[in-house]
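Q:
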Amino acid sequence: MIRLSIQPFEPGAELAAFCAGRTESGAVASFVGIARADAGQTTALELEAYPGFTEVEIARFAEAAIARFSLHDVLIVHRHGSIAPGEPIVLVATAAAHRREAFDACDYLMDYLKSRAPFWKKEHGPDGARWVEPTARDLDDIARWD
Amino acid sequence: MRVLLFGRLGDLAGWRERSFDPAPPSLAALRALLAGEDAALGVALCGKGVQAAVDKIIVRGEIALAGASEVAFLPPMSGG
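From first to last, the protein sequence lines stand for chains A and B. In this text, residue positions in the first sequence follow the working numbering: the first is 29, and each later residue adds one. In this text, residue positions in the second sequence follow the working numbering: the first is 41, and each later residue adds one.
1. Does the Cβ of Arg128(A) have 16 or more other Cβ atoms within 10 Å, making it buried, or fewer, making it exposed?
2. Can Leu49(B) and Val90(B) be called in contact, C-beta distance under 9 Å?
3. CB-CB under 7 Å to Phe89(A), same chain, minus the five flanking residues each way: which ones, in chain order?
4. How is Phe81(A) classed by DSSP in three states: helix, strand or coil?
5. So which residues on chain A does Ala112(B) lean against when the C-beta distance must stay under 8 Å?
6. Taking Cβ to Cβ, would you say Ala77(A) is nearer than 9 Å to Pro162(A)?
7. State whether the segment 74 to 85 of chain B contacts the segment 110 to 126 of chain A, with contact taken as three or more CB pairs (one from each stretch) at a distance under 8 Å.
8. Please list the residues of the segment 42 to 54 of chain B that have a C-beta atom closer than 7 Å to any C-beta atom in chain A, keeping them in chain order.
9. In whole angstroms, what separates the C-alpha of Phe60(B) from that of Val43(B)?
10. Taking DSSP's pairing of strands, which residues face Gly156(A) in a bridge?
11. In this structure, does DSSP put Gly76(B) in helix, strand or coil?
12. Can you say whether Ser143(A) is buried or exposed, counting buried as having 16 or more other CB atoms within 10 angstroms of its CB?
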């Protein structure tokens, strides 16, 4: 399931609900991305989504991940709007029969979200605001899977 | 037809959504119209990594806009 949230979310509660009732998935892997303060250089993050497009594009990619890694299920919760340092931005959870597929799919989905998911991220700080685009490392990370 | 600008493109233009009636006949004509109003925006729309979506589907190359209701210009994306 893919969900965009303008409100803060609680990763623990989301993960507990995702794990509940699974009797065939021997492995659930998860990743939580948290907004960094960068020692005071970032006072807020602003994430812009394209409603009606962003969710559909992420869902398409999640379907591909399900097929590639034989997943039982995927959960992605992603914030948009204004996000304070310390708040979770994203939760990815993957369920599979065994741990390797769950770990790898979680890694893969995060690499995708960092450089190809339809969000635009602005960092606000004491020196003003700047748009963040994928770094060389983000692009190398996603290229590992091609 | 609605035109949407995301990320730095919206900041550069000073708007994020506008209506054009009548709709330009093609994506190239829309780009030319926008560039005529705002040269810096025109350059940015052709910049590296900027994609266009017509009715929420990414398009590559040139395309006619007959019947389209929404065009979005998408600079390089970054989530997570």
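Heads up, the beta-carbon is just placed ideally off N, CA and C, and yes, glycines get one too. All figures in this text were calculated on a predicted structure; none of them were measured in a lab.
A: Per the coordinate set shown:
1. With fewer than 16 neighbouring CB atoms inside 10 Å of its own CB, Arg128(A) falls in the exposed class.
2. When the beta-carbon positions are compared, Leu49(B) and Val90(B) come within less than 9 Å of each other.
3. Closer than 7 Å at Cβ, skipping near neighbours: Tyr140.
4. Three-state DSSP puts Phe81(A) in coil, outside helix and strand.
5. What Ala112(B) touches in chain A: Tyr78, Phe81.
6. Taking 9 Å as the Cβ cut-off, Ala77(A) and Pro162(A) do not qualify as a contacting pair.
7. Touching, no, given that fewer than three Cβ pairs across the two stretches are closer than 8 Å.
8. So the close ones are Phe46, Gly47, Arg48.
9. Val43(B) has its alpha-carbon roughly 7 Å from the corresponding atom of Phe60(B).
10. Secondary-structure assignment with DSSP links Gly156(A) through a beta bridge to Gly153(A).
11. If DSSP states are grouped into helix, strand and coil, Gly76(B) belongs with the helices.
12. Counting Cβ neighbours within 10 Å, Ser143(A) comes out buried, since at least 16 surround it.
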